[in-house]
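Every letter in the sequence shown is one number past the one before it in the numbering used here, and letter 59, counting from 1, is 72. See structure below.
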Amino acid sequence: MDELKSVIRDIPDFPKKGILFRDITTLLKDAKSFHRAVDYIAHRYIDKNIKYVIGIEARGFILGSALAYKLNKGIVLVRKPGKLPSDTIKVTYDLEYGQDSLEIHKDALEEGDRVIICDDVLATGGTVKATIELVEKLKADIFECVFLAELSALGGRERLKNYNIFSLLQY
14 MDELKSVIRD
24 IPDFPKKGIL
34 FRDITTLLKD
44 AKSFHRAVDY
54 IAHRYIDKNI
64 KYVIGIEARG
74 FILGSALAYK
84 LNKGIVLVRK
94 PGKLPSDTIK
104 VTYDLEYGQD
114 SLEIHKDALE
124 EGDRVIICDD
134 VLATGGTVKA
144 TIELVEKLKA
154 DIFECVFLAE
164 LSALGGRERL
174 KNYNIFSLLQ
184 Y
């Protein structure tokens, strides 16, 4: 895992002073590292009867798509309002300074579908918590929430303590 961590670039003071941003784009562009990360994660879900990977906008689409492909499963998208073309359900959630919303197609999942929710980084957990709410409204079964990296100091895991969480890399 240290080899994968070494490929992720640290950018100080982004997006604002005092923040150390973990830039995964350097891992994504390195074919060997990206392939290795997807393989490590996918191996965890082989023979777990997962029906879909839920990808969260936007970087969750990248990892989620690669994971769905590797597992030979479909991917279901969770997007910002107005981006999905058919009937949707929406959840609004609080941010540090304001609110945001996410949507999923009403017919994206059926009751009992076993899914994993995938995003690039677990930080405070707000976005994934909203995604969980959407998935639960459609009565799907959340097997686990999976992340490429976790920023442990921001407390996202604690916010999601009632769910199975897997992060390949921890900071």
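Cβ coordinates follow ideal geometry from the N, Cα and C atoms, glycine included. Just so you know, these numbers come straight off a predicted model, no measurement behind them.
Tell me which residue opens and which closes the beta strand (DSSP E) that Asp107 is part of. Note, Asp107: beta strand (DSSP E), Thr101 to Leu108.
Are the CB atoms of Gly77 and Cys131 nearer to each other than 8 Å? Pairing Gly77 with Cys131 gives a Cβ-Cβ distance under 8 Å.
Give a yes or no on whether the C-beta atoms belonging to Gly125 and Asp154 are separated by under 8 Å. Yes; because the gap between Cβ atoms is below 8 Å, this pair is in contact.
Look at Val159 and Ile54 and say whether their C-beta atoms are less than 8 Å apart. Taking a C-beta distance under 8 Å as the contact criterion, Val159 and Ile54 qualify as a contact pair.
Could you tell me if Gly31 is buried or exposed, where buried requires 16 or more neighbouring beta carbons within 10 angstroms of its beta carbon? Counting the other CB atoms within 10 Å of its CB gives Gly31 a total below 16, which places it among the exposed residues.
How about Ala121 and Val89: are their beta carbons less than 8 Å apart? In contact: Ala121 and Val89 (Cβ atoms closer than 8 Å).
Nearest-angstrom Cβ-Cβ length linking Thr144 and Leu115, presumed shorter than 8 Å: With a beta-carbon spacing of about 6 Å, Thr144 and Leu115 fall inside the 8 Å limit used to define contacts.
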